[in-house]
Amino acid sequence: MLFRQTARSAAALFGFLFCLALAAQAQTASVKLPNVTILATGGTIAGTGATSTTTVGYTAATVGVQALIQAVPEMTKIANVSGEQVFQIASENMGNEHWLTLAKRVNTLLAQSNVDGIVITHGTDTLEETAYFLNLVVKSKKPVVLVGSMRPSTAMSADGPANLYNAVLLAGSQDAVGRGVLVVLNDQINGARDVSKTNTTSLDTFKTTELGMLGYIVGGKPFFYRATTRKHTVDTEFDVMNLSVLPQVEVAYAHANVGPVAIDALVASGAKGLVHAGVGDGSLPAKVRPALSAARKKGVLIVRSSRVGQGIVARNGEANDDELDFVVGDNLSPQKARILLMLALTKTTNTRDIQKMFWTY
Ligand code: DAS
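Just so you know, the numbering used here puts the end of the sequence shown at 1686, numbered straight through with nothing missing.
See the structure below:
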C-alpha cells in the first residue's frame, strides 16, 4: 500500500517538474534575443601581457574578435553575437581614415533589419574621440556602444570580459535606443559627447566629470538617469558615407612662455582648421594672437578652446571673436572640438554657421 502511494507521489512530482521544464523552455524560446554585432578595432581589451600581473608594458591589439567573444560565453544568453575584425590597432594610432571606414561599416550594418545594435571594442586612449565622431555621423537610433578595458586580457582581474558583456547587454537593450553613442566601462554608462579618459591607468577612468554619467549597469540591467541634450546621430547634418577624406584640422596647446612656432608650423602643413587649446577661458597669449589672426586671414578656421577640461569658452570673453572672426568651442575638449570642426568644414567655411554647430552638437 505504502509503496503504491510513494510511487504515485513520485510520478506526480516527475510530471510536475517535466511540465515546469517545458514551460521554462517555451518561455526561453519565446524571448527573442537581440542581434548584436561586435566590431573589433584593437586596444588593451585585445591586449596580452607576459604574466597575469602585467598591467603596464603589455602589447595592445593582439587578441582577435572571435577569441574575445569566446572568452565571454555568457553573452550567448543575452544576445545573438557576431564579430568582425575591422582593424587591430592600439588606439593612439587611430586616424581619420579608420574613422571613415568604421562609420561606413556601422551605418551599413545598422541599416540591416537583422542588426539590433553594435558594440565597438576599442583602445581607451582615443575611445572618447571615436565615440564623439560616431555620435555625429551614425544615421540610426539603434544603440552603438564603445567599450575598452584598462587591463589586458591576460591580467589577473582583467576588466575586459565584464565590460564587453555589459556593452553587448546595452547594445541589445531597448533602453539604449535613441540615446546617441554610448561608452561603457566599469559598470558605468557615459555619453559620447561629454565623456573623457581622466586617469592614465585606473579602471575607473572614463568620467563625465561635471555633467555626470548617464547611468549604470547593475546586475545585468541598465539604469538611466539622464540623457544627452545636444543633437546626435540621426539629428545631425553630417554625412560621411560618400567621403574618402576629412579636412585637416590640428590642435595647438598653450602654456606659459608659449610662442607661435607650433601654430605657424601647423598652418604651413596645410591645416584647414586649428583648435587653440588656450589657458583658462581660452585666453590667447600675446605671442600667439598674431599668429592665429594671420592664420585666419589665410582662411584657416580658428576655434578658441581651453586646456582646462571643464566649463565653456565664452564668446567675446578673453578675445574679441567677432573682430577676429574666430569660433568658440563651447565646453568641448580641444580633441573633440577638432572633430566637430573637421565635420563642420565638410559642410561650410562660414564662421557664423560653424559657431551655431558648436552650440548645437
Ligand atoms: N594603447 C592603449 C590604446 O590602445 C591601450 C588601451 O588602453 O586600450 O588605447
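Where a beta carbon is used, it is the ideal one built from N, C-alpha and C, also for glycine.
Beta-carbon separation (whole angstroms), residue i vs residue j, contact threshold 8 Å
i	j	result
residue 1449	residue 1368	6 Å
residue 1431	residue 1469	6 Å
residue 1628	residue 1593	With a Cβ gap of about 19 Å, residue 1628 and residue 1593 do not count as contacting.
residue 1621	residue 1657	About 19 Å separates the two Cβ atoms, so there is no contact after all.
residue 1596	residue 1574	6 Å
residue 1465	residue 1559	7 Å
residue 1451	residue 1475	14 Å between Cβ atoms; not a contact.
residue 1481	residue 1377	4 Å
residue 1557	residue 1636	21 Å between Cβ atoms; not a contact.
DSSP beta-bridge partners of residue i
i	result
residue 1377	Paired residues: none, contrary to the question.
residue 1549	1540
residue 1655	1638
residue 1409	1364
residue 1394	Residue 1394 is not bridged to any residue.
residue 1513	1510 and 1541
residue 1531	1522
residue 1446	1365 and 1472
residue 1578	1602
residue 1628	1600 and 1652
residue 1608	1604
residue 1384	1373
residue 1414	1367
C-beta contact flag for residue i and residue j at 9 Å
i	j	result
residue 1547	residue 1667	no
residue 1479	residue 1408	no
residue 1442	residue 1503	no
residue 1599	residue 1457	no
residue 1539	residue 1507	yes
residue 1485	residue 1396	yes
residue 1364	residue 1493	no
residue 1576	residue 1607	no
residue 1390	residue 1446	yes
residue 1366	residue 1423	yes
residue 1570	residue 1425	yes
residue 1428	residue 1463	yes
residue 1526	residue 1384	no
residue 1685	residue 1551	no
residue 1605	residue 1553	no
residue 1500	residue 1549	yes
residue 1454	residue 1680	no
residue 1579	residue 1610	yes
residue 1677	residue 1644	no
residue 1489	residue 1370	yes
residue 1510	residue 1530	yes
residue 1655	residue 1638	yes
residue 1421	residue 1360	no
residue 1467	residue 1495	no
residue 1616	residue 1589	yes
Proximity test, residue i beta-carbon vs the ligand PLP heavy atom, cut-off 8 Å
i	result
residue 1452	The model depicted lacks the ligand PLP and carries the ligand DAS instead.
Three Cβ pairs or more, each shorter than 8 Å: is that satisfied between the stretch 1387-1405 and the stretch 1532-1541? With the cut-off at 8 Å, the stretch 1387-1405 and the stretch 1532-1541 do not touch.
Any contact between the stretch 1409-1416 and the stretch 1559-1576? By contact I mean 3 or more CB pairs, one from each, below 8 Å. Not touching, per the Cβ criterion.
Report yes or no: do three or more beta-carbon pairs, one from the stretch 1669-1676 and one from the stretch 1610-1626, lie closer than 8 Å? They touch, by the three-pair rule.
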